[in-house]
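In my numbering, the protein residues as written are 27 to 196.
This is the structure we're talking about:
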């Protein structure tokens, strides 16, 4: 009863990330932006910066990580993101701003796909990095939402992805 479909990505030379949202829509992020497959062709949704990761939430919201600054590419960690709401509304934020919203924090904790934006530890804490002056920081939002900040021992730009082990160590 399975049906297979082959969809051309139209790009093969650059970093590509693909995800399916809760509504079954296919999304593609790459150096030229963010695209949504409409059933027949890829439609560009965003074209200002490279898209490094696409993270769908259970309610149909899509979080798309963009490069930190134009031309920086996806090798450098970025806390910049595009949020595409289920109704098609597009917002531009950084990870810290979006996670300060209680509803988006719930969405972020519930994503089932590993991603470059944040990680959730076994104790329910959500960890993320914020880029900023004078120093990049590691943030922890406990299961109850209590925020904590830590200095990073390295530049946030050099971190590709956060992971948390079973004990909650990042």
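Cβ coordinates follow ideal geometry from the N, Cα and C atoms, glycine included.
Everything numeric in this text was worked out from a predicted model, so none of it was measured.
Boundaries of the beta strand (DSSP E) in which residue i is found, first to last residue
| i | result |
| --- | --- |
| residue 68 | 68-72 |
| residue 79 | 77-82 |
| residue 61 | 59-63 |
| residue 211 | Here the chain comprises residues numbered 27 to 196, so residue 211 is not present and cannot be evaluated. |
| residue 177 | 173-177 |
| residue 165 | 163-167 |
| residue 43 | 43-46 |
Neighbour-count burial assignment, residue i, 16 or more Cβ in a 10 Å radius
| i | result |
| --- | --- |
| residue 103 | buried |
| residue 43 | buried |
| residue 191 | exposed |
| residue 188 | buried |
| residue 109 | buried |
| residue 46 | exposed |
| residue 55 | buried |
| residue 94 | buried |
| residue 33 | exposed |
| residue 154 | buried |
| residue 132 | exposed |
| residue 141 | buried |
| residue 66 | exposed |
| residue 106 | buried |
| residue 83 | buried |
Segment limits, alpha helix (DSSP H) that includes residue i
| i | result |
| --- | --- |
| residue 122 | 121-125 |
Beta-carbon proximity of residue i to residue j, cut-off 7 Å
| i | j | result |
| --- | --- | --- |
| residue 167 | residue 143 | no |
| residue 80 | residue 53 | yes |
| residue 86 | residue 136 | no |
| residue 165 | residue 157 | no |
| residue 101 | residue 75 | no |
message: Quick test of the definition: if touching needs 3 or more C-beta pairs under 8 Å, does the stretch 59-71 touch the stretch 145-165?
response: no
query: Taking one C-beta from the stretch 114-121 and one from the stretch 176-185 each time, how about it: are there three or more such pairs within less than 8 Å?
result: no
message: Using 8 Å as the cut-off, can you tell me whether the stretch 68-80 makes contact with the stretch 90-97, which would need three or more C-beta pairs spanning the two stretches below that distance?
response: The stretch 68-80 and the stretch 90-97 touch, with no fewer than 3 CB-CB distances between them shorter than 8 Å.
message: My parser needs the beta strand (DSSP E) runs of 3 or more residues fully inside the stretch 84-153; what are they?
response: 88-92, 106-110 and 116-120, all fully within the stretch 84-153.
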